[in-house]
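>
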Amino acid sequence: MKNGLVVLEDTEGHRDLLREAVDYAAGTDAELYVLSLVSTDEFDEAIETLDAIRSVEDSSYRSDAILTAARNDAEEIANDVLADLEDEAGDEVTISAIAAVFEEGARADTILEVAADTDCDHVFIVGQNRSPTGKVIFGNVAQQVILNFEGYVTMTTE
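Its first residue numbered 1, the sequence shown is counted upward by one per residue in full-length UniProt numbering.
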């Protein structure tokens, strides 16, 4: 593995997956990227909040502050996981945090784009437990990544 991409949320399942990715990266001398995804709805809502704060405080918050906050959250989770590792694997791995906005229904596409942009050859993702009917109706992000990524994919479920 040259570079790995870990799709990260603040859940124990995602932290467990990051621990596995760190161990794997340490053994292959690879760099890891942790990706925090923000939906367009969340992004638009945050923009509205910033606009409201701007009008009250007469301040100059910028929209890139939203992605910066998401990136900082991912970095904080990664640092917590690295601090919890008892072995030296965490000391051997470089982790960079990334945040991206995804359109409704395009979460998998955004993951694939970020993986391509960062030259990742391995994606680590937590999948959802859905019934076959749920997969048909709502789709499955992990399945789309597995089918469309041209590298290795490690998937766990919560």
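Glycine included, every Cβ here is placed at the ideal spot set by N, Cα and C.
Out of Asp-44, Gln-143, Arg-107 and Phe-149, state which residue places its alpha-carbon closest to the alpha-carbon of Gly-127.
When each option's Cα is compared against that of Gly-127, the closest is Gln-143.
> What is the C-beta distance between Val-101 and Ile-125, in whole angstroms, given that I count them as a contact (C-beta under 8 Å)?
So it is not a contact: roughly 18 Å between Cβ atoms.
> How far does the beta strand (DSSP E) with Ala-97 in it extend, from its first residue to its last?
Segment 94-102, the beta strand (DSSP E) holding Ala-97.
> Answer yes if the stretch 70-79 comes into contact with the stretch 113-120, meaning at least three C-beta pairs across the two stretches below 8 Å, and no otherwise.
As far as the Cβ criterion goes, the stretch 113-120 does not touch the stretch 70-79, which means the pair count is below three.
> Quick check: Leu-17 and Val-34, are their CB atoms within less than 8 Å of each other?
No, Cβ-Cβ distance for Leu-17 and Val-34 is not below 8 Å.
> With DSSP as the reference, label Glu-158 as helix, strand or coil.
DSSP places Glu-158 in coil when its eight states are reduced to three.
> Under 8 Å, do Val-93 and Leu-32 count as touching if we go by C-beta distance?
Closer than 8 Å, so yes.
> What is the rounded straight-line gap between the Cα of Arg-71 and the Cα of Ile-98?
One C-alpha to the other measures close to 5 Å.
> Kindly indicate the opening and closing residues of the alpha helix (DSSP H) around Gly-4.
Where Gly-4 is concerned, there is no enclosing alpha helix (DSSP H), although the beta strand (DSSP E) it sits in stretches over 3-7.
> Judging by CA-CA distance, which residue of Thr-28, Tyr-24 and Glu-42 is the nearest neighbour of Leu-67?
With distances taken between Cα atoms, Leu-67 lies closest to Glu-42.
> Smallest Cα separation from Thr-28: which of Thr-157, Thr-156, His-122 and Val-141?
Among Thr-157, Thr-156, His-122 and Val-141, the Cα nearest to that of Thr-28 belongs to His-122.
> DSSP on Glu-150, reduced to helix/strand/coil?
It is coil, neither helix nor strand.
> With a threshold of 6 Å on Cβ separation, who are the neighbours of Ala-25 within its own chain once the five nearest residues in sequence on each side are excluded?
Within the same chain, Ala-25 has close Cβ partners Gly-4, Leu-32 and Val-93.
> Taking the alpha-carbon positions, what's the Thr-154 to Asp-73 distance?
Spanning the two alpha carbons is a distance of roughly 22 Å.
> For Glu-150 and Ala-46, I'd like the C-alpha separation in whole angstroms.
Taking the straight line joining both Cα atoms gives about 34 Å.
> Would you list the residues sitting across from Glu-42 in a DSSP beta bridge?
Answer by DSSP bridge pairing: none, since Glu-42 is not bridged.
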